[in-house]
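Notes to accompany the following structure.
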Amino acid sequence: MSIEIKNISKAFGNFKALKDVNLKVETGELIALLGPSGSGKTTLLRIIAGLETAEEGEVYFHGKDAQDRQTKDRQVGFVFQHYALFRHMTVFENVAFGLRVRPKKVRLPGEKIREKVHELLKLVQLDWVADRYPTQLSGGQRQRIALARALAVQPKVLLLDEPFGSLDAKVRKELRQWLRRFHDELHITSLFVTHDQEEALEVADRVVVMNEGKVEQVGTPDEVYHNPANVFVLNFLGNVNLFHTRVEEGKAYIGNLAFQLGKKAGTEGKATKFYVRPHQFELTRTPIGGNSFRAKLRHVNPAGSIVKLEFISEWGDPVQVEITQPVYKELGLKKEEEIFLTPKEIRVETGESNYFDQVGFAGEGGGI
Amino acid sequence: MRKNQTRTEPRIIQRLLIGAALLYLAFFLFLPLGCIFAGALRKGAQVYFQSLAAPDALSAIRLTFLTALVAVPLNLVFGVAASWAIAKFDFKGKNLLLTLIDLPLSVSPVISGMVFILLFGAQGYLGPWLAAHGIRIVFAIPAIILATTFVTFPFVARELIPVMKSQGTEEEEAAVTLGANGWQTFRRVTLPNIRWGLLYGVILCNARAMGEFGAVSVVSGHIRGQTNTLPLYVEILYNEYNFAAAFAAASVLVFLALVTLFAKRLVERKFNEEKSGETS
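Protein chains in written order, with our numbering: chain A, 2 to 369; chain B, 3 to 282.
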């Protein structure tokens with residue numbers, strides 16, 4: 002089922018949780034609502050479920066206005082951050098709940114319910130805990146039971162609020178890969194809320210980046226990471242180096258250094274900032290063009306698939322750089338050593354709005 | 003004994019403190035309790051049972067039970083409704099409602115009784131109308147039940163509000179997303195979660211309902227065999243210097259209180275077990 006959200010606004014007292022939010026989710030998509038806490042992502046999810054009402058705007062399910070449909074009639078499966086399993090019921094009864102509360106006319110007979118519940122428990126690979134109580138399960142197990150319970154009523158939409166938020170790192174990783182596979186099998190329209198950009202980028206078909214009650218960008222993980230719409234998205238999705246600069250005649254000045262920018266760069270004569278992602282640096286012993294600058298190596302963290310380096314630039318700002326292990330080995334860097342860094346891609350913040358030009362140069366005249 | 007390193011008081015002080023506490027308990031609790039039973043049985047078991055079997059005594063016992071039987075279920079329903087509203091919903095006037103729930107605890111029971119006299123008494127606001135229609139409330143059983151209900155109103159709600167608040171609304175929300183209607187959500191999710199807290203509140207409410215003196219005394223009219231509850235009956239007998247009978251009736255009240263306390267203890271244990279189970 003497709004979902005369309007039109008001009009939704011919601012306030013809690015003086016706090017504006019959502020400001021004129023628009024979003025369209027296609028049938029079968031897996032969408033991540035990504036943002037820092039207080040960005041309104043959970044509120045949006047709850048409005049879709051009908052657990053919260055919007056002050057303005059409409060929600061459409063499959064093209065039909067859902068505003069006057071109560072939560073119980075919306076056919077949404079909701080998985081809560083803290084699972085919200087019924088503590089006085091066994092796992093079996095938890096999963097069976099949605100089937101047992103159906104009106105008599107459409108309720109399945111007891112035997113059918115039993116079959117269905119066991120089928121669902123098998124699906125989440127927890128058939129063997131049917132007789133236990135929620136308190137006897139681990140966090141990851143509870144989460145999967147909560148999912149099985151939500152799926153029992155065959156929801157048209159699955160809504161997950163920080164589904165892995167309270168799990169430890171390893172279980173978290175396993176469970177999110179599992180969720181992705183799960184979604185690929187069932188193809189149920191799903192939205193999940195997260196503040197973990199890695200999680201959103203790894204699992205979702207599309208990512209909705211939210212901030213202060215607004216949608217900043219909607220796009221595939223590739224789009225939002227490589228073509229962030231604004232500074233917030235750039236900052237929120239991965240690390241980025243920020244440098245204060247002045248732009249004049251297509252060049253960004255930091256002290257005496259001038260960085261050649263592309264044609265698009267605006268904001269002539271204004272103080273602004275430019276950004277370079279840690280992996281977008283070329284490291285060389287000799288300068289390879291006008292944009293190369295000196296930097297001294299301060300710290301190395303070689304643990305992991307990439308090597309994280311911390312430099313101090315010649316004008317005194319710290320610079321975070323990430324390179325691959327082979328490159329690191331080949332360079333043979335020593336601490337306190339001076340080297341040349343050349344940004345492969347620079348993003349300059351332009352003027353009044355948050356939006357910015359992107360200036361790429363690796364290859365296109367980097368080595369003058 | 004050596005395990006507790008933080009305990010530094012010399013043994014003599016410990017013993018003194020424990021001794022003082024025990025003495026205090028003995029003097030203010032066990033001695034009076036013992037006196038009641040001793041007083042009741044002073045003239046022998048025969049007199050004891052005779053005075054309990056007297057028609058007026060039986061009538062008082064019956065009325066006490068009747069009052070509790072009406073007041074407790076009423077407050078059970080209203081207490082659950084009020085705490086459900088307060089703990090699970092946001093609405094205007096919520097704090098006012100909270101304050102009102104506490105009102106019967108903060109005013110003197112005598113005032114609670116006076117309220118009903120002012121309302122339903124012969125000179126009261128509704129008195130003439132009631133008299134014209136031949137309805138007797140004050141100095142009759144309805145007023146006793148009303149006053150008791152009023153006085154015991156806070157017990158269930160006060161017990162339930164913290165329990166319900168601590169449990170939050172997520173389970174109810176989960177039930178609703180699974181298609182449950184309001185009643186199903188309450189009966190299948192909320193009620194089982196609060197059952198021990200509820201029972202605890204009911205026990206406290208019942209204890210007070212059976213023991214209430216002040217408010218009931220004001221509205222009862224003290225008509226023997228008709229509008230005397232056990233506490234009132236005890237007072238009457240006592241004022242007539244009929245000590246053996248007074249203590250006999252009092253012993254019934256004490257016995258009921260002890261049963262209540264025992265039940266409370268059991269429920270409390272169960273209640274705490276469940277609470278600690280949740281946090282693990």
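Glycine included, C-beta positions come from ideal geometry on N, C-alpha and C.
Pair within 7 Å by beta-carbon distance, residue i and residue j
i, j, result
"A:Leu86", "A:Val208", "no"
"A:Ala18", "A:Thr54", "no"
"A:Ala131", "A:Leu138", "no"
"A:Lys73", "B:Gly170", "no"
"A:Arg286", "A:Glu315", "no"
"A:Lys335", "A:Gly214", "no"
"A:Gln76", "A:Pro156", "yes"
"A:Lys25", "A:Val194", "no"
"B:Val220", "B:Gly115", "yes"
"B:Leu263", "B:Ala251", "no"
"A:Val248", "A:Thr273", "yes"
"B:Val153", "B:Ala217", "yes"
"B:Cys207", "B:Val74", "yes"
"B:Ala177", "B:Thr187", "yes"
"A:Gln261", "A:Lys345", "no"
"A:Ile32", "A:Ala205", "yes"
"A:Glu56", "A:Lys11", "yes"
Simplified DSSP assignment, three categories, for residue i
i, result
"A:Met211", "strand"
"A:Ile313", "strand"
"A:Leu334", "coil"
"B:Ser61", "helix"
"B:Pro194", "helix"
"A:Tyr84", "coil"
"B:Val74", "helix"
"B:Ile14", "helix"
"A:Asp169", "coil"
"A:Asp162", "strand"
"B:Glu242", "coil"
"B:Glu275", "helix"
"A:Asn8", "strand"
"A:Pro344", "strand"
"B:Val109", "coil"
"A:Asn292", "coil"
"B:Phe91", "coil"
C-alpha distance - residue i paired with residue j, whole-angstrom precision
i, j, result
"B:Glu11", "B:Ile20", "12 Å"
"B:Ala23", "B:Thr192", "42 Å"
"B:Ala62", "B:Asp92", "44 Å"
"B:Phe39", "B:His224", "25 Å"
"B:Ala247", "B:Leu54", "7 Å"
"A:Ser167", "A:Lys113", "34 Å"
"A:Asn355", "A:Val92", "No answer about A:Asn355 holds up, because its pLDDT of 46 lies below 50 and its placement is not dependable."
"B:Val112", "A:Gly51", "49 Å"
"A:Ile369", "A:Lys297", "Low confidence applies to A:Ile369: its pLDDT is 32, below 50, so where it sits in the model is not reliable enough to give any reading."
"A:Val308", "A:Val301", "7 Å"
"A:Ile9", "A:Phe233", "21 Å"
"A:Lys252", "A:Lys171", "46 Å"
"A:Ile4", "A:Leu161", "15 Å"
"B:Lys272", "B:Pro164", "17 Å"
"B:Leu201", "B:Val269", "7 Å"
"B:Leu159", "B:Ile88", "In the sequence on display, residue 159 of chain B carries Ala and not Leu. B:Ala159 and B:Ile88: Cα-Cα distance of roughly 9 Å."
"A:Lys174", "A:Gln198", "13 Å"
"A:Val225", "A:Val219", "7 Å"
"B:Leu132", "B:Thr229", "19 Å"
Cβ neighbours of residue i in the same chain (closer than 6 Å, five flanking residues each side left out)
i, result
"A:Gly39", "none"
"B:Asp58", "Arg226 and Gly227"
"A:Ser293", "Phe341 and Thr343"
"A:Pro222", "Leu202 and Val208"
"A:Leu159", "Gly78, Ile189 and Ser191"
Cut-off 7 Å between Cβ atoms - residues of its own chain near residue i, not counting five sequence neighbours on either side
i, result
"A:Leu148", "Val80 and Val125"
"B:Gly129", "Phe122 and Gly123"
"B:Ala265", "Ile205"
"A:Gln142", "Leu127 and Val130"
"A:Glu217", "Val210, Met211, Ala230, Asn231, Phe233 and Val234"
"A:Gln82", "Asp162, Glu163, Gly166 and Ser167"
Proximal chain D residues relative to residue i, where beta-carbon distance stays under 7 Å
i, result
"B:Val269", "Judged by its chain identifiers, the structure shown contains no chain D, and its protein chains are A and B."
Neighbourhood of residue i by C-beta distance below 8 Å, restricted to the same chain and skipping five residues each side
i, result
"B:Ser110", "Gly216"
- Message: Which runs of the alpha helix (DSSP H) at least 4 residues long sit entirely within the segment 146–183 of chain B? Give them in chain order.
- Response: Residue ranges of uninterrupted alpha helix (DSSP H) with 4 or more members, entirely inside the segment 146–183 of chain B and ordered along the chain, are 156–169 and 172–179.
- Counting only runs that start and end within the segment 205–239 of chain B, where is the alpha helix (DSSP H) found for 4 or more residues in a row? 216–222, all fully within the segment 205–239 of chain B.
- Message: Ignoring anything shorter than 3 residues, give me the beta strand (DSSP E) runs that lie fully in the segment 177–260 of chain A, in order along the chain.
- Response: Entirely contained in the segment 177–260 of chain A, the beta strand (DSSP E) runs reaching 3 residues are, in chain order, 190–195, 207–212, 215–220, 242–249 and 252–255.
- Task: Scan the segment 94–133 of chain A and note each continuous alpha helix (DSSP H) run of 4 residues or more that stays entirely inside, going in chain order.
- Result: Secondary structure remark: continuous alpha helix (DSSP H) runs of at least 4 residues inside the segment 94–133 of chain A, in chain order: 111–124.
- In chain order, which continuous runs of the alpha helix (DSSP H) of length 4 or greater are located wholly inside the segment 11–67 of chain A? Whole alpha helix (DSSP H) segments, 4+ residues: 42–50.
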